[in-house]
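Read left to right, the sequence shown gives residues 1 to 54 (full-length UniProt numbering).
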Amino acid sequence: MPPTENTPANSSTPGAGTPAIEFKDVEKSFGPTTVLKDLNFTVAPGERVTLIGP
1 MPPTENTPAN SSTPGAGTPA IEFKDVEKSF GPTTVLKDLN FTVAPGERVT LIGP
């Protein structure tokens, strides 16, 4: 197996400070039921995020 290298997120790798995707003030409703309100977060390149809810 080839060796792997871990690069810290705050390294000087080009684009390391640039999010792959950014969510700002996201809201989602199903009819009168609000399930998300004022959701804000960023996802870094290579990062995986799952949003799970009822």
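Ideal Cβ positions, reconstructed from N, Cα and C, are used throughout, including at glycine.
- Distance between Glu22 and Lys28, taken at the CA atoms: about 16 Å.
- In the structure shown, Val49 falls within a coil segment according to DSSP collapsed to helix, strand and coil.
- Beyond the five residues adjoining it in sequence on each side, Lys24 comes within less than 8 Å, by CB distance, of Asn40 in the same chain, given in chain order.
- Apart from the 5 residues on each side of it in sequence, Thr34 sits with its Cβ closer than 8 Å to the Cβ of Glu27, Lys28 in its chain, given in chain order.
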